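Engineer: Residue numbers (our numbering): 212 to 291.
Can you read through this structure? Questions will come right after.
The structure is reproduced here in structure tokens:
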């Protein structure tokens, strides 16, 4: 169960709708949300993305994992 927002609605917990073994990432300027298997993190293409994330945001930032690439590029990696 999430916490209550000022407008009375419930805010979902970060992992409330993410199945075990998956994680949510936010991609592109619109921060489109993708839920991906954690096993993807061991793919060479994702390692390159994680290097970009570390370079762009560092390792200590608030919120979800943001990936600084275009959505289409990210989707291309997902479908390799």
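Glycine included, C-beta positions come from ideal geometry on N, C-alpha and C.
Note that the coordinates shown come from a computational prediction; the quantities given were computed from them, not determined experimentally.
With a CB to CB cut of under 8 Å and the five nearest residues on each side skipped, what residues in its chain are close to residue 257?
Structural biologist: 251, 288.
Engineer: From the DSSP output, in three-state form, read off residue 255 for me.
Structural biologist: Helix at residue 255.
Engineer: What are the partner residues of residue 248, as DSSP defines its beta bridges?
Structural biologist: Residue 248 pairs with 233.
Engineer: Give a yes or no on whether the C-beta atoms belonging to residue 276 and residue 234 are separated by under 8 Å.
Structural biologist: Yes. Within cutoff.
Engineer: Pick out whichever of 291, 290, 279 has its Cα sitting closest to the Cα of residue 238.
Structural biologist: Ranking the options by Cα distance to residue 238, first place goes to 279.
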